[in-house]
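Novice: The numbering used here numbers the first residue of the sequence shown as 34 and each following residue consecutively. C-beta atoms are modelled at their ideal positions from N, C-alpha and C, and glycine is treated no differently. Got a structure for you, written out below as structure tokens; questions coming shortly.
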Amino acid sequence: MRTIFKVFQYELRDVVRSKWVILYTLFYLLITDALFRFGSDTSRAMVSLMNIIILLIPLVSIIFGTMYFYNARDFVEMLLSQPIERKRLFIGLFSGLALPLSGGFVLGVCLPFAIHSGKIYDMSSFVMLLASGILLTFIFIALALFISTKTDDKVRGLGISLLVWLFCAVLYDGLIWLIIAYFGDYPLEKAMIGLTIANPVDLARIVIMLKFDIAALMGYTGAVFEKFFGSLVGITIAGSSLILWIVAPLFAGMKLFNKKDF
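The following block contains the structure:
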């Protein structure tokens, strides 16, 4: 545990000093303040913020995590020459990347929220927005570490990371609508729920939309999601699935890291 904390301390100092994390925080600070300040409707401002979070957090997390791991290979190799357990080193690297990015996001969103809190009537929706952003950060940092551990070539690793984000954030929705278009005459309720759980970005989007009561805008699929994810069982399954999306790539990356010859 002491080893994890020491690696985390070093990663935290290094990442916090990074201008990218500072710019990331400032971006959310400015965009959130602008949405609350100039938006005529607070609920619309929060929906706009949701759309930014759903697209930007996975992109920044997976690219930043992948680049940082490749750039820190010399540091990792130096630590591996010491009597340090690889599993603890990997967890330290993960937490040292995920926590500063999550903190930057939370700080950038919460400061304008504190200023404009009088305009926000549904606190639970705002909390859900923050929780989804934090979970997506952890998920895509875990995916970034898995990809960069699996692939030695930096350019190839970055390309795979971009493709993973593009598929989850953009192409997956097109695949869902194609399935609905071609197989709309068949009962697709369970299949749609399963496909949503299989993509953390879509799952986070649906959970937030249900909290904002705008799932009805999605028509038939929105009714299906509202019926399932609107229940206590559905919320539990959604939350458990998002946590599993953190644990699975993190565990897989750790296994690769333990066996990897640096």
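Rounding to the nearest angstrom, what Cα-Cα distance links I85 and I117 in this structure?
Specialist: When rounded, the distance between both Cα atoms is 39 Å.
Novice: Figure out for me which residue from T182, A281, M287 has the closest Cα to the Cα of K104.
Specialist: Here residue 104 turns out to be Asn, not Lys, going by the sequence shown. Checking every option, the nearest Cα to that of N104 belongs to T182.
Novice: According to DSSP, simplified to helix, strand and coil, what is Y219?
Specialist: Coil, per DSSP.
Novice: In its own chain, which residues sit with a C-beta less than 8 Å from the C-beta of L82, not counting the 5 before and 5 after it?
Specialist: The answer, listed in chain order, is I64, T65, L68, V142, L162.
Novice: Buried or exposed for R238, please, with buried defined as at least 16 other CB atoms from any protein chain shown within 10 angstroms of its CB.
Specialist: Label assigned to R238: buried.
Novice: Flag this pair as touching only if the region 92-100 and the region 130-147 have three or more C-beta atom pairs under 8 Å; answer yes or no.
Specialist: Contact holds: three or more Cβ-Cβ distances are below 8 Å.
Novice: Could you tell me the alpha carbon to alpha carbon distance between T229 and G267, rounded to whole angstroms?
Specialist: T229 and G267: Cα-Cα distance of roughly 12 Å.
Novice: How many angstroms separate the CA atom of N291 from the CA atom of D206?
Specialist: The straight-line gap from Cα to Cα measures roughly 35 Å.
Novice: Does N232 come out as helix, strand or coil in the three-state DSSP assignment?
Specialist: The answer is coil: DSSP assigns N232 none of H, G, I, E or B.
Novice: Is the CB-CB distance between A231 and A175 below 9 Å?
Specialist: Their beta carbons are not under 9 Å apart, which means A231 does not touch A175 by this criterion.
Novice: Tell me the rounded alpha-carbon separation between L112 and M156.
Specialist: Answer to the nearest angstrom: the Cα atoms are 44 Å apart.
Novice: Over the uninterrupted alpha helix (DSSP H) stretch that includes E110, give me the two end residues.
Specialist: 106-113 is the extent of the alpha helix (DSSP H) around E110.
Novice: Do L169 and P233 have their C-beta atoms closer together than 9 Å?
Specialist: Their beta carbons are under 9 Å apart, which means L169 touches P233 by this criterion.
Novice: Can you list, in chain order, the residues of its chain whose CB lies under 7 Å from that of I193, leaving out five sequence neighbours each side?
Specialist: The residues are I180, T184.
Novice: Since I279 contacts I172 with CB under 8 Å, what's their CB separation in whole angstroms?
Specialist: At roughly 5 Å, the Cβ-Cβ gap stays under 8 Å, so I279 and I172 are in contact.
Novice: Please classify F71 as buried or exposed, where buried requires at least 16 neighbouring CB atoms within 10 angstroms.
Specialist: With fewer than 16 other Cβ atoms within 10 Å, it is exposed.
Novice: Just curious, the alpha helix (DSSP H) that L204 is in, first and last residue?
Specialist: First-last for L204: undefined, no H or E at that position.
Novice: Mark Y57 as exposed unless 16 or more other C-beta atoms lie within 10 angstroms of its C-beta, in which case mark it buried.
Specialist: It is buried - the Cβ of Y57 has at least 16 other Cβ atoms within 10 Å.
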